[in-house]
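The structure appears right after this line, and notes come after that.
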Amino acid sequence: MRGSATTLTFTALLCLGMCWGPWDQGQPEVLPKPSIWADPGTMVAQGSPVTIWCQGSLLADVYRLHKERSSVYWEAKAPQGSRNKARFHFEYTSSSGAGQYQCAYQSRNRSSERSDPLPLVVTGVYRAPSLSAQPSPVVAAGGRVSLTCSSQYAAGTLHLLKEGGTDPLRHKASKNYGNQGQEQAVFPVGPVTTSHGGTYRCYDAPSTQPYLWSRPSEPLHLQVTGLSRAPSLSSQPGLLVLAGDNLTLQCRSEASFGSFALTKDEGLSPPLRLEGQQSPDFLLGRVSRAHGGQYRCYSGHNSYAWSAPSAPLDILIAGMHRKPSLSARPGASVPQGENVTLQCRSEVRSDTFHLSKEGSLTAPQHLRLQDPAPPVQANFTLRAVTSAHSGTYRCYSSHSTAPHLLSIPSDPLELQVSGEGPALVLCVLRVRPGPCSQGSSGLSGSGGSQKVGINSEGAEKSQRPPFLAHPCPHPGRPDPLLMMELSYTGLRVNQQDSRPEPSVPTLLWSPVFMAPRPESSTREGLTEPVAPKGASGQALAQLVSRGTVGLLGMRHG
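Going by our numbering, the sequence shown runs without a break in its numbering and finishes at 561.
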């Protein structure tokens with residue numbers, strides 16, 4: 005090793021085994037051993053400077069630095085200002101400087117023990133190995149990953165190091181796995197936690213020269229996901245974009261994260277790398293066919309610790325081939341409650357069709373067909389249409405080989421839903437104890453033109469429900485059995501049965517509006533359903549969505 009060991013107050017003396025002094029004389033008393041360390045560390049790149057410190061006693065007069073298996077040592081007088089430590093500085097570190105070092109000091113003709121050994125590794129001597137992660141350097145918390153270091157050199161030791169951390173070096177003897185003559189060592193990591201995230205490198209060293217290492221491998225960034233709740237991913241202007249339009253994907257998270265990453269077309273496999281940015285908005289600019297695909301996003305506090313992935317977002321790019329045609333059967337104007345079929349027809353080879361409604365934030369409907377040979381047609385049936393179905397529709401065609409690349413949109417089709425349409429039948433069931441009223445047996449009332457349990461479509465399509473009458477066996481007599489009264493738009497059937505289950509001698513499914521149980525009825529265990537008069541189908545749908553409507557099935561026992 006070449007170099008000089010100097011400070012502002014002393015000069016180190018290099019001796020070649022010919023120095024003589026009190027060190028060589030037997031001493032009755034041995035001083036405590038000093039401590040030794042290297043700055044910036046025990047791993048030094050070839051050609052870089054390094055400083056070795058030896059700290060002993062305030063009474064020390066001289067310090068000496070020894071190198072293992074060498075007669076060369078360095079000697080320095082203790083500086084006046086800080087006699088308890090000495091500095092040995094080497095401006096240039098060569099391969100000959102690699103090895104183990106120890107230091108000692110002398111005080112008033114007494115010598116100390118030697119310090120613990122300090123290994124000094126010189127890197128950059130050999131060609132760098134390669135480092136990879138299986139199955140991926142992006143791993144979910146709790147999962148496992150294997151880091152594989154591969155070298156071209158035989159009979160050596162491979163070392164794995166995590167940068168910037170307190171984790172110790174990991175060492176493994178290389179093995180030949182028959183992979184084109186490469187020597188490899190596999191380092192298992194896991195179950196993975198946030199502390200495993202970071203940058204890793206590996207080194208190679210021959211077994212005959214353990215302190216001469218190769219250049220470092222390319223860095224491997226191990227990133228841990230699933231450490232916080234998944235963000236949401238949305239797109240502007242929408243999920244279906246014309247080629248040439250501008251597209252922005254927005255990653256939104258509940259927490260105040262400072263890093264956001266976007267991945268594309270990873271499927272069920274973890275991504276190979278999460279490239280973070282500070283903004284949650286990803287400006288993709290003018291889109292082309294390359295932008296079509298499935299996206300996910302992540303949020304995190306740094307580049308190594310990330311949230312769970314967002315739900316996948318499919319971006320469809322339209323304008324890639326000839327447009328299909330769109331028509332409506334029986335027509336583009338349809339009464340409320342009826343069915344309508346939108347037919348998308350393509351003259352080019354297609355097996356997937358997409359139907360979109362202008363202004364809708366939901367993904368387009370799509371149909372997959374078996375035979376893609378042109379001409380090909382897909383039928384989208386809208387059942388029991390309401391005013392919500394009114395609007396402008398377009399359709400697109402695509403092929404399963406490129407599912408995110410769509411045709412030019414069809415010409416727009418304006419669908420109009422007219423009238424209130426058939427009203428839903430509202431049935432009321434009242435359950436009460438008490439006597440059967442005289443004259444209440446059988447059917448009574450005027451009875452409208454009703455279609456059983458479904459809707460009302462007018463007198464020309466009327467159908468009276470085929471109710472059969474059960475006579476009241478004991479008119480006026482108090483009876484603990486249940487009295488069930490079914491009101492059916494003007495028709496009324498009173499029945500008495502000894503079972504708590506409603507019994508009507510026909511099958512009827514009816515929507516029932518359930519009112520809250522009043523205090524006066526709670527005592528008797530009763531609940532009285534009520535049917536608002538004049539309730540429209542739309543109002544009924546709203547109540548269904550709120551969970552306030554149930555379906556009551558009644559059949560004869």
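No residue lacks a Cβ here, since even glycine has one placed at the ideal position from N, Cα and C. Keep in mind that this is a model prediction, so the values were computed, not measured.
Query, Result
"Simplified DSSP state of residue 290, which is helix, strand or coil", "strand"
"Environment of residue 179 [buried if 16+ CB atoms lie within 10 Å]", "exposed"
"Cutoff 7 Å; reference residue 214; Cβ partners in own chain excluding five residues on either side", "161"
"Identified DSSP bridge partners for residue 214", "The partner list for residue 214 (beta bridge, DSSP) is empty, contrary to what the question assumes."
"Reduced DSSP category for residue 198 - H, G, I as helix; E, B as strand; rest coil", "helix"
"Inter-residue Cα distance where the pair is residue 371 and residue 388", "20 Å"
"Integer Cβ distance of residue 198 from residue 124, believed to fall under 8 Å", "The Cβ separation is near 33 Å, so there is no contact."
"Option in 88, 109, 36 and 42 with minimal Cα separation from residue 68", "109"
"First through last residue of the beta strand (DSSP E) which encompasses residue 567", "As displayed, the chain neither begins before 5 nor continues past 561, which places residue 567 out of reach and without an answer."
"Residue 380 to residue 390 span [Cα, whole Å]", "29 Å"
"Under 7 Å between C-beta atoms of residue 301 and residue 255", "yes"
"Any 3 or more C-beta pairs closer than 8 Å across the region 186 to 197 and the region 137 to 157", "yes"
"Boundaries of the beta strand (DSSP E) in which residue 411 is found, first to last residue", "It is not in any beta strand (DSSP E) - residue 411 carries neither H nor E in the DSSP assignment."
"Counted within 10 angstroms of its Cβ, other Cβ atoms place residue 127 as buried (16 or more) or exposed", "buried"
"At least 3 beta-carbon pairs within less than 8 Å: the region 215 to 223 vs the region 286 to 295", "no"
"Within 7 Å, strictly: CB atoms of residue 350 and residue 283", "no"
"Beta-carbon proximity check, residue 290 vs residue 248, cutoff 7 Å", "yes"
"Local conformation of residue 119 per DSSP, three classes", "coil"
"Supposed contact pair residue 345 and residue 383 - C-beta distance, whole angstroms, cut 8 Å", "5 Å"
"Integer-rounded CB distance, given that residue 257 should sit under 8 Å from residue 311", "7 Å"
"Beta-carbon separation (whole angstroms), residue 70 vs residue 118, contact threshold 8 Å", "7 Å"
"Residue 143 vs residue 275 beta-carbon contact at 7 Å", "no"
"Host beta strand (DSSP E) of residue 166 (start-end)", "160 to 166"
"Cβ neighbours of residue 267 in the same chain (closer than 8 Å, five flanking residues each side left out)", "275, 278, 299, 300, 301, 302 and 313"
"Residue 325 to residue 359 span [Cα, whole Å]", "16 Å"
"Other residues of its chain near residue 323: CB distance less than 7 Å, five sequence neighbours each side excluded", "246, 247 and 412"
"Contacts around residue 101, its chain only, beta-carbon distance under 7 Å, and the 5 residues preceding and following it disregarded", "5, 94, 124 and 126"
"Residue 66 and residue 81 closer than 7 Å at C-beta", "yes"
"Where residue 57 falls, given that 16 or more other Cβ within 10 Å makes a residue buried", "buried"
"Residues near residue 63 by beta carbon distance below 6 Å, same chain, minus five either side", "111"
"Own chain, CB closer than 7 Å to residue 385, minus 5 neighbours either side, in chain order", "343 and 345"
"Between the CA atoms of residue 306 and residue 263 - distance to the nearest angstrom", "6 Å"
"Reference residue 133; option with closest CA among 288, 244 and 210", "210"
"Residue 392 versus 79, 166, 422 and 225, residue with shortest Cα-Cα distance", "422"
"Member of 328, 364, 208 and 238 whose CA lies at the smallest distance from the CA of residue 352", "328"
"Sub-7 Å separation of residue 50 and residue 72 beta-carbons", "no"
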